[in-house]
Each structure stands twice: as C-alpha cells, then as structure tokens.
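*Asks:*
Residue numbers (the working numbering), protein chains in the order written: chain A, 1 to 427; chain B, 1 to 427.
(1) Please list, in chain order, all residues of the same chain as residue 276/A whose beta carbon is under 8 Å from its beta carbon, the five residues on each side excluded.
(2) If you measure from the beta carbon of residue 222/A to each beta carbon in chain B, is any gap under 8 Å?
(3) On the DSSP bridge assignment, give the partners of residue 399/A in chain order.
(4) So residue 272/B and residue 199/B are supposed to be a Cβ contact under 8 Å. How far apart are they, rounded?
(5) Check distances from the C-beta atoms of the stretch 164-187 of chain A to those of chain B and list, in chain order, the residues that come in under 7 Å.
(6) In chain order, what residues of the same chain have a beta carbon less than 7 Å from the beta carbon of residue 248/A, not counting five sequence neighbours either side?
(7) Among residues of its own chain, excluding the 5 on either side of residue 288/A, which ones have a beta-carbon nearer than 8 Å to its beta-carbon?
(8) Of all the alpha helix (DSSP H) runs that stay within the bounds of the stretch 256-336 of chain A, which reach a length of 4 or more residues?
(9) Quick check on the DSSP output: the alpha helix (DSSP H) that includes residue 231/A runs from which residue to which?
(10) Give, in chain order, every residue of the stretch 282-311 of chain A whose Cβ lies closer than 7 Å to some Cβ of chain B.
(11) Using the Cβ count rule (16 or more neighbours within 10 Å means buried), how would you classify residue 431/A?
(12) Return helix, strand or coil for residue 178/A, following the three-state DSSP convention.
(13) Identify, in the order they occur along the chain, each residue of the same chain with its Cβ nearer than 7 Å to the Cβ of residue 379/A, setting aside the five sequence neighbours on each side.
(14) Does the beta-carbon distance from residue 93/A to residue 54/A come in below 8 Å?
(15) Less than 8 Å between CB atoms is the rule here; does residue 261/B satisfy it with respect to chain A?
(16) In three-state terms, what does DSSP make of residue 46/A?
(17) Using CA coordinates, which residue listed in 63/B, 174/B, 394/B is at the minimum distance from residue 155/B?
(18) Is it a yes or a no for the stretch 167-183 of chain B touching the stretch 364-378 of chain B, going by three-plus beta-carbon pairs under 8 Å?
(19) Within a Cβ cutoff of 8 Å, which residues of the same chain sit near residue 407/A, ignoring the five residues on either side of it in sequence?
(20) From residue 31/A to residue 311/A, what does the alpha carbon distance come to, in whole angstroms?
(21) Between the alpha carbons of residue 246/B and residue 232/B, how many angstroms are there, rounded?
(22) Taking the alpha helix (DSSP H) that residue 388/A belongs to, which residues open and close that run?
(23) Between the Cα of residue 205/B and those of 216/B, 237/B, 194/B, 72/B, spot the shortest distance and give me the residue it belongs to.
(24) Does residue 394/B come out as helix, strand or coil in the three-state DSSP assignment?
(25) Any contact of the stretch 156-165 of chain A with the stretch 176-184 of chain A, i.e. 3+ C-beta pairs under 8 Å?
(26) Could you name the residues of the same chain whose beta carbon sits closer than 8 Å to that of residue 68/B, not counting the 5 residues immediately before and after it, in chain order?
(27) Name, please, each residue of chain A whose Cβ falls closer than 9 Å to the Cβ of residue 333/B.
(28) Measuring alpha carbon to alpha carbon, tell me which of 296/A, 382/A, 397/A ends up nearest residue 81/A.
(29) With 8 Å set as the bound, which would you pick, yes or no: does the beta-carbon of residue 410/A sit closer than that to a beta-carbon of chain B?
(30) How big is the Cα-Cα spacing for residue 350/B and residue 104/A?
(31) For residue 433/A, which residues in the same chain have their Cβ closer than 8 Å to its Cβ, ignoring the five residues on either side in sequence?
(32) Quick check on residue 196/B: does DSSP put it in helix, strand or coil?
(33) Classify residue 353/B as buried or exposed, calling it buried when 16 or more other Cβ atoms lie within 10 Å of its own Cβ.
(34) Run through DSSP, which three-state label would residue 159/B get?
(35) Answer yes or no: do residue 265/A and residue 203/A have a C-beta to C-beta separation smaller than 8 Å?
(36) Alpha carbon to alpha carbon, how far is residue 412/A from residue 412/B? Give it in angstroms, no decimals.
Put into structure tokens, the structure is as follows:
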C-alpha cells in the first residue's frame, strides 16, 4: 500500500518531456514485473524505454507492449486499466503484434487471479464512476452518442443498431443479424397490431420503425441524444413510417399507459442506484397485461466497467449482474419470464464492427484525429476480448406483471421463423 | 401488538372441548371481520359457531368458511396461514362451496394488500422455518417423500414425476407433459452420448432413466429418500437401464467430475443459507465445459413458504427468488445462460394431480385417514391457487462456467421436435 501511494505522489512529474536518462533502475524492472503479475501472467512482454524486455510467462510472447517513456510505467502501475487506454490512444504505448491477441490473452489471464482483486481495489481508489442523476445523464450521453451520425454510419449496419446483434447462425451477415435481433425482441414482446409500445433509449430509432412497420403497433420512443432523435425522425419521415413518435426526453418523464415496454442498450447507462426508479416508471407505464423486455450488457459477478472505457468512452456506464437487475423487478413484483444470455453474439457483432471500422480508419482520422482512431480501435477490440473471455455478458430479460396470466405456453413461437430464413433486406 | 400477545396467551385453553356458550361476543365479531380484512377482503364469508355470517366484500360470497368452534377463531387470528390448514384438515373448519374457488379468491385478494405485511410479520413470530443442516435434511425429506410409493403412484404419472410438467400445448396429457419436461431438461443440457451426468435429488429416478436410455449418457443420481432410491433401482433393473447409479446420499457428498449437473425440484429444500455451498459442489463437480440446470419453485419477491405447507407438508422448504439463487452462481462465476419461468405449467400440472387425487380419495383414506385426505387436498388446491395467482413461480435456470465458449448459437434446437409431436409413450 505504501509503495503505491509513493508512486501516486510522483505522478505530477510524469507525462511531460523531461531529460531523464535512458537508464532503467532496479525497482522499475521490479514494477514492470509486478504489472505482468497483476495481470495474471499473460503471455505478453513489456519493452522498456531502453529496449529491455520483461516477461513473466514461459515461451514466445503473443505481443509486446512497448513503453516509450519512463512515465508510462508509473502510470500503468497505479491503474493499468485506465492508463493503458490513455497511453495507447496517444502513442505513449505501442503494441507490437495483434492488439486483439494481446487483449484476449490479458482478459483470459486476468480472470480469477489475485491480480483482479488488486486491480479492482486500485480502480476504486483512483477512479470514481460518474453519476446518472437527471442533470448528469444528459452530459454523459452527449459525450458518446452525439459524436456524429456520419461516424457511426461508417461502421454500423444500415439500421444503425449500436447494440448486440442476434446470429441464429454465426455466418449470418451483420445487416441480417441486426434485423434478426430487432425481430427477436418483437417476438419476445408478442406485439399485436394496434398495441401501444413505449421504448426508452431508442438510439437511431431502428427498432421503433420495425415495430411500427412490421407489427402494426403505435410506438413512443424516448432518447436524450439530440443527434439521434433528429436522425430517427428524418428517417421515419423519409420511409413513410407515421405511427412512431420520437421524443427527446429522459425515460423518467414518460407518460401514458402501454402494452409493451422495451429498452435495448440503455440499462448500462442507468446506474444501479436508479434501478428501483426504473421499476417505478415501468409500473406506471404498463397495462395489467403489459409485457416488457430489457436488453443490456451484464456481468456474472458485480464489478465496475473497465475504468478506461467508463472514463473515456462510456461515461457513467456500468453493466449489471442479474442480481442487481432484480432491483428493477422485485419491488413492484414484476415476474421474470425469460432470460437469454447472448454473450457470444456480442463478440460476433464486435468482430463485424471492428472489421468495418478498420476499413474506414482514414475517414475516421479525417473526422477526428489519429488518437481518436487508436482509442476507438482499442475500445472495440477490448470489448470483443471482454465478451469472448466471459468478462461481459449480454442479457435479454422478458418480464410482465406478477398477476398477468395471458402468457404463451412455450417459447417455441420465438423460433418458428428462424434458422437461416433471414435475408439482408428488412423482413 | 398487545392484543395479539394476549390472544396468544389464551391459546392453551382452546382446541379442547369446553362447555362454552354459543354466544358470540362483540370483540369476536370484530376479530372475524379483521381476519377478512387481513386477507385483503376476499369475496368469502366466515360463519361463526352460532351460525352468524361475517363478510366484508360486496355481493354473494364464492364460498363460506364455517368455524365449528370458538377456538378456531382465536387460532385463525394468531396465524391464519398455519391454522387454516390444521383446522381444515381436522374438520375444525368446513368449507361450503368449492375449496379451489375459496383459495383462488383469497390468493388473489391477499396480494399487494397491507394484510400481506401483517401476515408476514405473524408468520415470523409464530413459526420458525426448519434448518437443512446435514442432519436435519434427512428428517425433513423423510417426512414427505418416504410417505409411501403406492400413495404417490395413485395420482402421479407413470414416470412418477413429482415436479412441474411441461405442456407445449395445454391440452397435452399429464403423462406426455412429464416426458416433455424430462426431455426439455435433456435438450437444455445438450447431452451428448457417452457424457457423465450427476443428478442431485432424483426422486423416483425417471429423469435419470430417460437421460441414460435416450441420450446415452452415464448418470449418477443422488437422493436421501430411502423409499425413492429403492423404487428407482428396482425400476431401472426391471427396464434394463444399466448406466444409471442411484446413490442414497446427500448432494454435498457427491464425488467425481461431470459434463452436466442437474437438479429438478431439490433447491426448494436446500435452504438459502446453503446456496453458496451448493455452488461449491457444482464447481467441484463440473468439467470446464460442463453445463448445469436447476429447476425450482420460486418467488418474484422474497417470502417464506406458506406456513402450513412449510410445517405440515414440506418441512424446511423455501422457494427462492432469482436474486437469492445468484448466491449459487456468482461466487464461482458461473454464467446464467437461460432462465424460463414455467409458472402456468405448474398450475396445469396441479390441476391434473388434483383431479387424479380426487379419483382416489377412498384409497388414500384407507392408507392413512380422513384428515390426511383433507390436508393433502388442501395442499394441492392451495398450490394450484398459488401458481395461478402468481404467488409462486417455476424457474428453470441453465448455466455453465463463465469461461465456457462451447455454447449453442441459439435456443432454436430446444424447439425443433416440439409442438404436438409427443405421445403418451416414452420418446
């Protein structure tokens, strides 16, 4: 503990160009060694600023992490999760080898090691998750989703789905898998023509358009991202979808009664302390026989999001465990009907996103800069590794009121149209 | 509080034949009224020992609860859940009208009323759930499952499944629906020929026989009920199923490594305080790519089991919430893949059981006595009402280790053979 504290005090000196010698001191070699131990001894090496290579695992490393300056070492030891991302983005760290392989090996090795506990402790000391009160949420969401519709259009599918797709077969295209996801959500909600649906956190509005067009329901979709709402409205207009209203407002302000409540990819941003309130919103909004679906990134065990992603990419985000999610359902006695874990579908989705992103890096660099490209690539590759290693989950939870007996007899109806019948065209 | 305490002190005098007058005092009329208020004002009436009828709901009552003696009133007010069952079983209470309708209306009215909180508080004061330490479990299970194989054979299906069946269509027979349940469990576990399966709490062994015969796996099935184990062994022998070993021992004593872990209808008897230990057993028993399934009665919100059932029918039982179940999965980072709530399937199962039981009441009475028949009928009808009203749930939870990536791409495979193709014969 003392050691870490002393290092932390040195931080003000680092990150600036100072005329330090290239020399590596004995304790610095020891610190580099400790970083690899904390990460669970992955098959990677650290290359120090004098060219010296440190490894703790046997055999040839799958990748080398090159620390260009002494400062990088001190920042890594205080908080590897946070500073690796920042250093990599700005070029203070280079990776020799495949970034994906490096991340995969670190995610795999750092599971179930004592290092995980230490890193968790560091994460609690050196970072503080942001709040999602009514005022904060807006800033946090703006940070991410208002970046630029054109940026996301470069590498998302045609329906602009920035959430996990659903691949009934792994060879399905991303375009088809996103429509398959949208339609799976509709089937799980058992939408019937003429029903009223409320959606919270609607992204660019693709799910709402599909529900209105294919299921004949009336949709009110809430979102606090101004850019996304403008896009969603324009697109619904141009496609002639007229029974969808896109509303620029917080989910806590929804009014009216609905036959279905749906949220795809919002819960990660809600904050566990607001789950009970979300349950109250659902209780207010749902009819006695109303159904609901929440689609969210999750955890098998409670933990904050990777600190760098929480800081730089998704401010305020936290993927919940199923236990934490019960704060939404229990107080008002909602009944959980169905939970499906689509973890590997998110890994597959991220593979597609990363490949598309890589095809457009020069366009992204001209929109932003080189650091942005590196940061975003790290985020996509890191998320891919997190889903592949089982560090993150994807839960779809279907629920209804505890007293509703109008339920389907089995889930067979979800799979009647499935199994390769999907095309790239909207259904 | 004072009032209840005073009433409790009177209890030693009641239940004996004493020459009390038929007179009903004003406070007794008030107490009868309060009982109906605590139950959420159901459309039923209380008929007192002098023939006077008390009701709080408008309209014609669906049933009348006849209190034959003054003592019944005092016992009901101290703990309606517990004493209604005892009084009904022994004839101290009669029901005029359909028992099922009475129970349905009480279950529906007593949800979400302040009465529920009071009754919960009474239940905590006047009863104490039994423990399920290694010593206690044996006594608790003996109480119920060793009653007599002949008794259960009267009203269970041919496979002696004393757990929720699965009705892909509601018109399916009980025989077919129990086999459909067994096979659904096998499909959810993705059993492959030659694999090793461990089952904890195997009842009369029907699932194990099906797994061995239809899926070609090697099964070790644990159970602490001596009667059930003898039956299971004899039946496997007579049917020529030789790759199942039925072991009379506690689940905590299982040894070996298995590709699948399955438990149908045992968790209700495990006790929440032992869930973490159950997770340890699973962790010890499962291979890296092992899968598991737990099938259990559950709750939407934490609450003890109905006190009378917990005392007289299922000593030590407690249906968990999904939140409580996470104590099994989280500590060892098991990943929940699939949760299905089959609540209405248990209501349908109980309809079948109750109808069959009613066809054999004289046989049951000759095995035991009239009180036993009344108690058991109340238990079946009460459970039916509890599942119909949403007071109890039935969860099937599929899980694997968090690091296992050998997962099916969708759940479509569960439904490929389903939809009316089942017959009454084993598959």
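We put the beta carbon where it would ideally sit given N, CA and C, even for glycine.
*Replies:* Concretely, from the data shown:
(1) For residue 276/A, the CB contacts under 8 Å within the same chain, skipping 5 residues up- and downstream, are 327, 328, 331 in chain order.
(2) Interface criterion not met: the Cβ of residue 222/A is under 8 Å from no Cβ in chain B.
(3) Looking at the DSSP assignment, residue 399/A forms a beta bridge with 292/A, 336/A.
(4) Wrong, their Cβ atoms sit about 22 Å apart, outside the cutoff.
(5) Under the 7 Å Cβ criterion, the stretch 164-187 of chain A contributes 167, 168, 169, 170.
(6) Excluding the 5 residues flanking it on each side, residue 248/A has same chain C-beta neighbours closer than 7 Å at 223, 224, 226, 229, in chain order.
(7) Taken in chain order, the residues that qualify are 401, 403, 404.
(8) Fully enclosed alpha helix (DSSP H) runs of 4 or longer: 275-285, 322-329.
(9) For residue 231/A, the enclosing alpha helix (DSSP H) starts and ends at 226-238.
(10) Of all residues in the stretch 282-311 of chain A, those with a C-beta nearer than 7 Å to a C-beta of chain B are 300, 301, reading in chain order.
(11) Residue 431/A lies beyond the range of chain A shown here (1 to 427); nothing can be said about it.
(12) In this structure, residue 178/A counts as helix in the three-state DSSP scheme.
(13) If we look at residue 379/A and ignore the five residues flanking it on each side, its Cβ neighbours are 309, 313.
(14) For the 8 Å CB-CB criterion, residue 93/A and residue 54/A do not form a contact.
(15) False, the Cβ-Cβ gap to chain A never drops below 8 Å.
(16) Residue 46/A falls in the strand class under three-state DSSP.
(17) Distances from the CA of residue 155/B to each of 63/B, 174/B, 394/B were compared; the closest alpha carbon is that of 174/B.
(18) Between the stretch 167-183 of chain B and the stretch 364-378 of chain B there are fewer than three C-beta pairs closer than 8 Å, too few to call the two in contact.
(19) Correct list, in chain order: 337, 400.
(20) Roughly 25 Å separates the two Cα atoms.
(21) If I take the Cα positions, the gap works out to 7 Å.
(22) For residue 388/A, the enclosing alpha helix (DSSP H) begins and ends at 370-388.
(23) The residue with the shortest Cα to Cα distance from residue 205/B is 237/B.
(24) In this structure, residue 394/B counts as strand in the three-state DSSP scheme.
(25) The stretch 156-165 of chain A is in contact with the stretch 176-184 of chain A.
(26) In chain order, 49, 91, 92, 93, 94 place their CB closer than 8 Å to the CB of residue 68/B, counting only its own chain and leaving out the 5 sequence neighbours on each side.
(27) One finds 111, 112, 300, 301, 390 in chain A with Cβ atoms closer than 9 Å to the Cβ of residue 333/B, taken in chain order.
(28) Out of 296/A, 382/A, 397/A, 382/A has the C-alpha closest to the C-alpha of residue 81/A.
(29) Yes, contact with chain B.
(30) The straight-line gap from Cα to Cα measures roughly 50 Å.
(31) Residue coverage of chain A in this structure runs from 1 to 427, which leaves residue 433/A outside it and unanswerable.
(32) Collapsing the DSSP output to three states places residue 196/B in a strand.
(33) Classification for residue 353/B: buried.
(34) Secondary structure at residue 159/B: coil, using DSSP grouped into helix, strand and coil.
(35) Yes; because the gap between Cβ atoms is below 8 Å, this pair is in contact.
(36) Answer to the nearest angstrom: the Cα atoms are 8 Å apart.
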